[in-house]
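Here the structure is laid out as C-alpha cells; the discussion comes afterwards.
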Amino acid sequence: DLSTRFYLPEFHLRFAVSHLFETLKLYYWHNPVSTIEFIVVSMMVTYIVAFFLEISLARLADGGSLFGAFNILSIKRCIDTIGWRHYTVDYTKIMLSIAILAYLQYGIDMFGFFNWIFDLIIGLFIFAIEFIGIGKIYQEYKIKKETRVVEID
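Our numbering applies: residue 1466 is where the sequence shown begins, and numbers increase by one.
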C-alpha cells in the first residue's frame, strides 16, 4: 500500500479523488515532504505506463494480436519509427489537454442542475481527444513504415 510507504494516513481512492483538494490539504498538513513525493512518483509512474500503453492499444486496434500489441520490442520499434521526441511531445500535449478537461469535469461544480450534462460533454471530449490524438500519432507510424518499405524496394 502506497499510503503506508509514504507515511500517509490510509485512504480510499474514490474519496481521495472526488475530494482532491481537501485530500491534498490533509496529507500536506500531515506530512508535506511525503505528500509531494507521493504525488510526483504517482504522476511519473502513471505517465510512463500510459506512454507505452497507448501505442500498444493503437497496435491492438490496428488488428494485431494481443501478444503482438503488448510486445515491448515491437512497441519500441513503433516509437523509434515515429521518433521518440515527436511521440513524447505529442503524447504530452494529449495528456495535458486531458488533465485540463478532467479538472473542468470534476473540479468545477458551477452549473448546478446541469452539471451532469456538462460532465457528459467534457467526458466525450476527453475520450475523443485521447483516441483521435493517439490515432493520428499511430497514423504517422503507418505512413512512415509504408514509406520505408517503398524506399527499400
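Where a beta carbon is used, it is the ideal one built from N, C-alpha and C, also for glycine.
Asked                                                                                                                                                              : Found
Name the residue from H1551, I1559, V1506 whose alpha carbon lies nearest to the alpha carbon of F1596.                                                            : I1559
Leaving out the 5 sequence neighbours to the left and right, which residues in its chain are closer than 7 Å to I1608 when beta-carbon positions are compared?     : none
Look at the alpha carbon of I1587 and the alpha carbon of G1577, and state the distance between them as a whole number of angstroms.                               : 15 Å
For F1590, I'd like the list of residues in its chain whose CB is within less than 7 Å of its CB, leaving aside the five on either flank, ordered along the chain. : L1566
Taking only the alpha-carbon atoms, compute the straight-line gap between S1530 and E1519 and give it to the nearest angstrom.                                     : 15 Å
Exposed or buried, A1593, counting other C-beta atoms within 10 Å across all chains shown (16 or more means buried)?                                               : exposed
Just curious, the alpha helix (DSSP H) that F1532 is in, first and last residue?                                                                                   : 1531-1534
Would you decide whether S1521 is buried or exposed? Buried here means 16 or more other CB atoms lie within 10 Å of its CB.                                        : buried
When we look at the beta-carbon of Y1556 and count the other beta-carbons within 10 Å, is it buried (16 or more) or exposed?                                       : buried
On a Cα-Cα basis, can you pick out the residue from R1613, Y1603, I1504 that is closest to L1525?                                                                  : Y1603
Candidates S1562, Y1512, F1516: which alpha carbon is nearest I1537's?                                                                                             : F1516
Would you mind stating whether G1600 and A1534 have Cβ atoms separated by less than 8 Å?                                                                           : no
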